[in-house]
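The opening residue of the sequence shown carries number 1 in the working numbering; numbering runs sequentially from there.
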Amino acid sequence: MERNGEKMGFAGKTILITGAAGTLGRAIAQRFYQEGACLALVDLDAEKLERAAAEEGFTERTLLLPADVTVEEQVAGYVEQCREHFGKIDVFFNNAGITGARSRIADMELQHFRKLMEVNVSGILLGMKYVLRVMYEQENGCIINTASHKGKMCVAGSGDYAASKSAVIMLTKVAALESAEHHVRVNCILPGIVRSPMIFENQKKKNPALTEAEIEGSFAKSIPMKRMCRPEEVADAVHFLASEEAAYMTGTELHLDGGTTAVSL
Ligand SMILES: NC(=O)c1ccc[n+]([C@@H]2O[C@H](COP(=O)([O-])OP(=O)(O)OC[C@H]3O[C@@H](n4cnc5c(N)ncnc54)[C@H](O)[C@@H]3O)[C@@H](O)[C@H]2O)c1
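Here it is in structure tokens:
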């Protein structure tokens, strides 16, 4: 379908996105909105969510659902509200996540570790738990979980984050096996370094004096393609996994890291 010369490949489809006010959530929401999809946007930060929706120009077909992905009743609530409002959930971009403490295991604060696991692992699990029930009833749907290249390779100081993203990859595979007979596909993406506030903030935890240009330059050196990933490139990958072109793909981990993990896998 086309409107004003634009492809409307997702017209009539509903996409539910968590972490929707953040860099990747916004990029994916924008991509699907342009293609005619209805958006159900979840984020912990209600004000940031409203601001993001206004800045992106989501003036129609959009439902804002402030919620905490770690609280089971709130997860059940955002899934139910999405289903009630739009009647179905075609695509679930299960994406909310936080960064690690950049702490050695010998210095790791248990409180921080638990918090990270709550958001990055329990949040992903709970989202799938409630969305899968809807998709099993529909006998179709697809889920894309956000993992990270850090789920496959480790560097010192990434123990908490790497463990959380590795868990996301395995939850994806198990969910894919359990869901295949229901015609529901479950895949995950493994972005490398995406040009985003999350990356700059994370590096500034190590050295507050660093500028964004210095951070970008030092990452570029270590990435085979010599540049960071753009959020729109993550949107392309999510779009592909959600499309009919990926109809036979489930349980897959899609790397988007400019070759970084090819070096160590
Ligand atoms: N930015 C990168 O380079 C990069 C690389 C690999 C993977 N990732 C992963 O991509 C995902 C999105 O990252 P981003 O760069 O867009 O980060 P971001 O910080 O810009 O966005 C994350 C969003 O999640 C929301 N959030 C945090 N805790 C939440 C909770 N408990 N309930 C609901 N929402 C919550 C935040 O309010 C924020 O808007 C994360 O899972 C992250 O680990 C990011």
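Where is the CB? At the ideal position from N, CA and C, for every residue including glycine.
The model shown is predicted, which means the values in this text are computed figures rather than measured ones.
Asked, Found
"Three or more C-beta pairs below 8 angstroms linking the segment 105-115 and the segment 80-90", "no"
"Alpha-carbon spacing of Y33 relative to V69, whole angstroms", "23 angstroms"
"Whole-Å CB distance - L116 paired with H149, under 8 angstroms assumed", "Wrong, their Cβ atoms sit about 17 angstroms apart, outside the cutoff."
"Contact test: S290 Cβ vs ligand 1 heavy atom, cutoff 7 angstroms", "Shown here, the chain extends from 1 to 265; a query on residue 290 therefore has no answer."
"From F240, M228, C82 and S179, residue whose alpha carbon lies closest to that of L39", "C82"
"Environment of A235 [buried if 16+ CB atoms lie within 10 Å]", "buried"
"Cβ neighbour criterion (16 or more within 10 Å) applied to V174", "exposed"
"Own chain residues within Cβ distance below 8 angstroms of I223, not counting five before or after", "G192, I193, D257, G258, G259 and T260"
"Alpha-carbon to alpha-carbon, M225 and E214", "17 angstroms"
"Where L256 sits in the DSSP three-state scheme", "strand"
"Exposure label - T18; buried when at least 16 CB within 10 Å", "buried"
"beta-carbon A67 near ligand 1 non-hydrogen atom, thresh 7 angstroms", "yes"
"Closer than 7 angstroms: D236 CB and nearest ligand 1 heavy atom", "no"
"Check whether I124 and V186 have beta carbons under 8 angstroms apart", "no"
"As assigned by DSSP and simplified to three states, the class of L210", "coil"
"Rounded Cβ spacing between L126 and V184 (contact assumed at less than 8 angstroms)", "Not confirmed; about 17 angstroms, so no contact."
"Reference L64; option with closest CA among E72, A54, V71 and E73", "A54"
"is_contact[A37, chain B] using C-beta, thresh 8 angstroms", "Absent here is chain B; the protein component of the structure consists of one chain."
"Under the three-state DSSP convention, the category T62 falls into", "strand"
"Proximity test, M128 beta-carbon vs ligand 1 heavy atom, cut-off 7 angstroms", "no"
"Residue of G57, N140, G22 and A101 minimising C-alpha distance to K204", "A101"
"Cβ pair F92, L16 closer than 8 angstroms", "yes"
"Contact test: L64 Cβ vs ligand 1 heavy atom, cutoff 7 angstroms", "no"
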